[in-house]
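Trainee: Mind looking over this structure? Questions follow.
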Amino acid sequence: MSPTPTARVRTAALVAALLVGLTACGGTTKGDGDPGAASGGPTASADPDAPLREGVKMAFLPKQLNNPYSDIEGEGGKEGVEELKGEFKLVGPNDASASSQVSYINTLIQQQQDVIGIAANDQNAVCPSLKQAREAGIKVVSFDSDAAKDCRDVFVNQATAQGIGEKLVEMASQLAGGSGEIAVLSATPNATNQNAWIAVVETELAKPQNSGLKLVKTVYGNDDDQKSFQEAQGLLQAHPDLEVIVAPTTVGIAAAARYVGSSSYKGKVAVTGLGTPNQMREHVKNGTVERFALWDPADIGYLAAHAGVALASGRITGAQGEEFTAGRLGDYTIGADGEVVLGPPTVFDAANIDQFDF
Amino acid sequence: MSARRLLGWDAAIIVVALLAVALSSVLVDGFGTTRNAGYLVLDLLPIALLALPMTFVVITGEIDLSVASTLGLTSAVLGALWDAGLPIETIMPLCVLLGALLGAVNGLFVTVFTLPSLAVTIGTMALFRGLAFVVLGDSAVADYPASFTGWVTGSSGGVPNVLLPLALLAIAFTVVLHATPVGRAVYAAGAGQEAARFSGVRVDRLKFWLYVTSGAVAGLAGVLWTLRYSSARADNGAGLELAVVAAVLLGGVSIFGGKGAMPGVLAGVLLLGTLQSALRLSDVTNEALTIVTGGLLVVSVLLPNLLRAATRRRAGPASARPGAPTTTP
Chain A
451 MSPTPTARVR TAALVAALLV GLTACGGTTK GDGDPGAASG GPTASADPDA
501 PLREGVKMAF LPKQLNNPYS DIEGEGGKEG VEELKGEFKL VGPNDASASS
551 QVSYINTLIQ QQQDVIGIAA NDQNAVCPSL KQAREAGIKV VSFDSDAAKD
601 CRDVFVNQAT AQGIGEKLVE MASQLAGGSG EIAVLSATPN ATNQNAWIAV
651 VETELAKPQN SGLKLVKTVY GNDDDQKSFQ EAQGLLQAHP DLEVIVAPTT
701 VGIAAAARYV GSSSYKGKVA VTGLGTPNQM REHVKNGTVE RFALWDPADI
751 GYLAAHAGVA LASGRITGAQ GEEFTAGRLG DYTIGADGEV VLGPPTVFDA
801 ANIDQFDF
Chain B
378 MSARRLLGWD AAIIVVALLA VALSSVLVDG FGTTRNAGYL VLDLLPIALL
428 ALPMTFVVIT GEIDLSVAST LGLTSAVLGA LWDAGLPIET IMPLCVLLGA
478 LLGAVNGLFV TVFTLPSLAV TIGTMALFRG LAFVVLGDSA VADYPASFTG
528 WVTGSSGGVP NVLLPLALLA IAFTVVLHAT PVGRAVYAAG AGQEAARFSG
578 VRVDRLKFWL YVTSGAVAGL AGVLWTLRYS SARADNGAGL ELAVVAAVLL
628 GGVSIFGGKG AMPGVLAGVL LLGTLQSALR LSDVTNEALT IVTGGLLVVS
678 VLLPNLLRAA TRRRAGPASA RPGAPTTTP
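This is the structure:
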């Protein structure tokens with residue numbers, strides 16, 4: 451038995467009337483301004499000679515707990531905070547959702563932490579809570595994945611497009627012996643990150659010192675294992691003189707290495723790019739892949755810890771041009787928009803790959 | 378519903394909830410502050426809202442597991458429409474209407490096609506969530522007017538703003554359940570469908586409109602969720618249905634239908650939220666938090682049944698509830 455027609459008509463009429471009433475009076479649309487973005491940035495002046503505070507309470511809030519990559523970031527953070535005699539704490543959700551991070555930020559405000567280090571799941575969703583944290587005197591360091599600019603003091607960026615592009619060309623040049631044909635196996639044709647890196651690769655290749663290298667083709671494996679595998683296969687058939695496949699995507703590099711390693715091209719064609727040590731270990735051990743790169747997540751956490759303690763001590767405020775020292779990583783200068791760049795990606799090869807587990 | 382029942386589980390859960398609040402305020406650093414109370418209300422808001430119609434649905438012996446996905450889909454649609462340039466004042470009622478429509482889909486399958494609500498709403502749970510990802514993909518839409526987001530997260534005179542609509546709805550749902558013919562029909566339908574039909578209750582019509590209500594409230598929750606977090610995402614509210622069902626069952630509503638009361642459910646929501654907030658402030662890990670929520674859910678299903686079985690054994694078979702569903706142990 452379904453609802454009677456009269457009941458349905460009555461409800462529909464009511465809803466329609468409500469809608470007309472509400473829409474008739476104009477309303478607030480996206481273009482109306484009222485954006486809610488208050489002024490951010492540094493709030494005090496820095497004193498570079500201020501002593502580093504001991505006992506700084508710094509909490510790390512990664513995207514998600516029990517994820518190997520996040521866990522290593524946390525370990526790096528722990529190393530950094532404890533080196534500076536602070537109190538380290540690691541909290542976070544089991545799901546990489548924005549709303550659960552908000553609950554944790556609120557908890558950390560209540561617990562009166564000195565610094566919150568966060569890898570934001572949603573740059574806007576965490577913003578109101580982070581603003582409240584800053585109003586309560588807590589310093590905020592975002593790392594790996596930034597929060598909106600006006601909600602944090604400093605952002606520790608793991609890599610710049612320039613740094614990655616240069617490293618990719620450097621590795622390709624070493625593997626090709628300075629000259630030869632190379633090809634790029636990317637993710638999707640409209641992947642923002644990959645396209646930015648490939649653009650840098652092309653600029654680098656145009657430089658005189660790389661004149662021997664020739665980029666013959668860029669193909670797209672759509673970050674799909676099987677498609678990437680087939681694209682690698684296609685590349686080698688179409689370009690028999692190819693020396694190096696550069697895959698700036700973790701899916702692509704693994705698929706290309708698997709194809710080359712299982713074909714007659716093994717030992718003749720080099721594979722490099724961006725990958726994780728765990729995924730590439732066997733390919734490095736069996737000689738298919740000589741070297742590849744990625745940022746070291748432990749260093750991201752370590753640098754965030756040092757930036758956090760420097761903030762809490764008043765040595766830096768997040769303004770462009772301020773400098774601080776980050777232990778074993780050396781000296782850093784804060785760039786535009788409060789960004790600190792970790793540095794060039796770490797290169798992994800047979801000699802060091804066993805020191806990494808992520 | 379009888380005075381005796383109100384003195385039983387409901388009274389117990391209300392006492393336990395208040396005790397939990399009192400103990401947490403004394404024992405847990407940072408719990409008993411105005412600011413934390415504000416956070417607590419904001420965290421509880423979606424669970425409390427969804428629990429109101431869920432109480433009705435579960436008392437009729439059905440369930441609606443699609444509420445969190447309805448929330449996610451309305452949130453995604455809100456974001457898409459805002460991106461398209463529609464005024465927020467138009468989008469908000471449209472989202473509530475969309476929620477009602479999604480609820481009507483559930484209602485249609487349960488009443489017209491007489492399918493089990495568990496199966497139907499598990500299906501639509503996946504379906505609505507999938508549609509949310511079709512609408513918005515992995516992206517997020519932000520930049521809502523600060524007057525709206527600020528109102529949702531703000532408070533006046535120490536009282537969170539969102540408490541007002543929540544309180545109004547809670548009162549309305551409580552009055553309807555406990556003091557109107559609709560409420561009596563809900564209990565009658567839950568106690569025994571056939572008996573209810575014979576005494577003039579239009580069970581299917583009732584259930585259909587309960588699903589529509591449940592969907593509309595989920596739509597409203599989707600709007601408030603989006604404004605609270607200033608972010609429309611397809612994964613908003615994922616997994617929330619479990620917290621809602623846990624709160625309702627913890628509040629003394631029988632999973633087999635026919636029994637339960639609104640004050641108990643509200644206490645259940647409060648207890649759940651208090652435990653989560655207090656445990657998180659005490660640095661209890663997320664895994665342990667999940668275990669506590671799951672454990673409470675099991676206990677709240679198990680304990681009333683054990684108690685019922687115990688009283689029945691003591692009083693003899695004569696006191697067994699007439700027309701009780703065969704699933705009751």
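Protein chains in written order, with this note's numbering: chain A, 451 to 808; chain B, 378 to 706.
Every residue gets a Cβ at the ideal spot worked out from N, C-alpha and C, and that includes glycine.
(1) Do A:Asp673 and A:Thr638 have their C-beta atoms closer together than 9 Å?
(2) Which residues mark the beginning and the end of the alpha helix (DSSP H) in which A:Lys396 is found?
(3) Considering only the beta carbon of each residue, do A:Ala762 and A:Asp564 sit closer than 9 Å?
(4) Count the other CB atoms, across all protein chains shown, that sit within 10 Å of the CB of A:Lys735; report buried if there are 16 or more and exposed otherwise.
(5) By DSSP, does B:Gly596 sit in helix, in strand, or in coil?
(6) Excluding the 5 residues preceding and the 5 following B:Ser379 in the sequence, name in chain order all residues of the same chain whose CB lies nearer than 6 Å to its CB.
(7) Which residues, taken in chain order from the region 572–596 of chain A, show a beta carbon closer than 7 Å to some beta carbon of chain B?
(8) Give me the residue from A:Glu525, A:Val590 and A:Gln683 with the minimum Cα distance to A:Pro709.
(9) Is the beta carbon of A:Gly788 closer than 9 Å to that of A:Gln770?
(10) Are the CB atoms of B:Leu442 and B:Val622 within a distance shorter than 9 Å?
(11) Using the Cα positions of A:Ala496 and B:Asn663, report the straight-line distance between them to the nearest angstrom.
(12) What residues from the region 558–583 of chain B come within 7 Å of chain A, judged by C-beta to C-beta, listed N to C?
(13) Along chain A, which residues have their Cβ under 9 Å away from the Cβ of B:Asp515?
(14) What does A:Thr557 reach in chain B if we use C-beta pairs closer than 7 Å?
(15) Residues in the same chain with beta-carbon distance under 6 Å from B:Ile391, minus the five sequence neighbours each way, listed in chain order, please.
(16) Whole alpha helix (DSSP H) runs in the region 528–561 of chain B with 4 or more residues, listed along the chain?
(17) Count the other C-beta atoms from every protein chain shown that fall within 10 angstroms of the C-beta of A:Thr642, then say buried if there are 16 or more, exposed otherwise.
(18) Just confirm the distance between the C-beta atoms of B:Ala428 and B:Ala624, as a whole number of angstroms; I'd bet it's less than 8 Å.
(19) Name the chain B residues whose beta carbon is nearer than 8 Å to that of A:Pro543?
(20) Measure the C-alpha to C-alpha separation of B:Ile499 and B:Gly616 and round it to an integer number of angstroms.
(21) Quick one: using the 10 Å Cβ neighbour count with 16 as the cut-off for buried, is A:Glu504 buried or exposed?
(22) Starting from B:Tyr606, find everything on chain A with Cβ-Cβ shorter than 7 Å and list it in chain order.
(23) Would the beta-carbon of B:Ala517 fall within 9 Å of that of B:Thr437?
(24) Please go through the same chain and pick out, in chain order, the residues whose beta-carbon is closer than 8 Å to the beta-carbon of B:Leu417, but skip the five residues on each side of it.
(25) I'd like the span of the alpha helix (DSSP H) that includes B:Arg506, first residue to last.
(26) A:Ile803: buried (16+ other C-beta within 10 angstroms of its C-beta) or exposed?
(27) A:Ser489: buried (16+ other C-beta within 10 angstroms of its C-beta) or exposed?
(28) Below 9 Å between beta carbons: does that hold for B:Ala742 and B:Ser446?
(29) Restricting to Cα atoms, I'd like to know which of A:Lys718, A:Ile566, A:Gln561 and A:Gln551 is closest to A:Asn574.
(30) Determine the contact status of A:Lys528 and A:Ala755, defining contact as a CB-CB distance below 9 Å.
(31) Should A:Leu625 go down as buried or exposed, given a rule of 16 or more other Cβ atoms within 10 Å for buried?
(32) On the DSSP bridge assignment, give the partners of A:Ala697 in chain order.
(33) Would the beta-carbon of A:Lys718 fall within 9 Å of that of A:Ala688?
(34) What is the rounded straight-line gap between the Cα of B:Ala453 and the Cα of A:Met621?
(35) Listing by chain order, which chain B residues have their CB less than 8 Å from the CB of A:Gly536?
(36) Considering A:Lys581, what are the terminal residues of the beta strand (DSSP E) in which it resides?
Mentor: Quick answer:
(1) It is a contact, given that the beta carbons lie within the stated cut-off.
(2) Absent from the structure is residue 396 of chain A, since the part of chain A shown begins at 451 and ends at 808.
(3) Contact: yes.
(4) Burial call: exposed.
(5) Note: B:Gly596 maps to helix in three-state DSSP.
(6) With a pLDDT of only 46 at B:Ser379, under 50, the local geometry of the prediction cannot be trusted, and the value read off the model is given with reservation. Closer than 6 Å at the Cβ level, and outside the excluded window around B:Ser379, lies no residue.
(7) Within the region 572–596 of chain A, the qualifying residues are Asp572, Asn574, Ala575, Cys577 and Pro578.
(8) Sequence inspection shows Tyr at residue 709 of chain A; the Pro mentioned does not correspond to that position. The option with the nearest alpha carbon to A:Tyr709 is A:Gln683.
(9) At the C-beta level, A:Gln770 and A:Gly788 come within 9 Å of one another.
(10) In contact: B:Val622 and B:Leu442 (Cβ atoms closer than 9 Å).
(11) Straight-line spacing of the CA atoms in A:Ala496 and B:Asn663 works out to 37 Å.
(12) Answer set for the region 558–583 of chain B: Arg579, Asp581 and Arg582.
(13) What B:Asp515 touches in chain A: nothing, since even the nearest Cβ is about 11 Å away.
(14) The CB of A:Thr557 comes closer than 7 Å to the CB of Arg657 and Leu658 in chain B, given here in chain order.
(15) So the list reads Ala644, once near-sequence residues are dropped.
(16) 540–556, all fully within the region 528–561 of chain B.
(17) Taking a 10 Å sphere around the C-beta of A:Thr642, we find fewer than 16 other C-beta atoms and assign the residue as exposed.
(18) Right, their Cβ atoms sit about 5 Å apart.
(19) The answer, in chain order, is Asn663.
(20) So the two alpha carbons sit approximately 12 Å from each other.
(21) Exposed is the call here.
(22) Contacts between B:Tyr606 and chain A, judged by CB atoms closer than 7 Å, involve Ala548, Ser549, Val552 and Ala575 in chain order.
(23) For B:Ala517 and B:Thr437, no; Cβs fall outside 9 Å.
(24) Gly650, Thr651 and Ser654.
(25) Per DSSP, the continuous alpha helix (DSSP H) segment holding B:Arg506 begins and ends at Ser494 to Leu513.
(26) Its Cβ being crowded by 16 or more others within 10 Å, A:Ile803 is buried.
(27) Confidence in A:Ser489 is poor, its pLDDT being 44 and thus under 50, which makes the residue's placement too unreliable to answer from.
(28) Absent from the structure is residue 742 of chain B, since the part of chain B shown begins at 378 and ends at 706.
(29) Closest by C-alpha distance to A:Asn574, out of A:Lys718, A:Ile566, A:Gln561 and A:Gln551, is A:Gln551.
(30) Between A:Lys528 and A:Ala755, the C-beta spacing is below 9 Å.
(31) Residue environment: A:Leu625 is assigned as buried (16 or more neighbouring CB atoms within 10 Å of its CB, all protein chains considered).
(32) BP columns for A:Ala697 point to A:Gly723.
(33) Going by C-beta atoms, A:Lys718 is not nearer than 9 Å to A:Ala688.
(34) Cα-Cα distance, rounded: 43 Å.
(35) None at all; the shortest Cβ gap to chain B is about 16 Å.
(36) Per DSSP, A:Lys581 belongs to no beta strand (DSSP E); it is in the alpha helix (DSSP H), Cys577 to Glu585.
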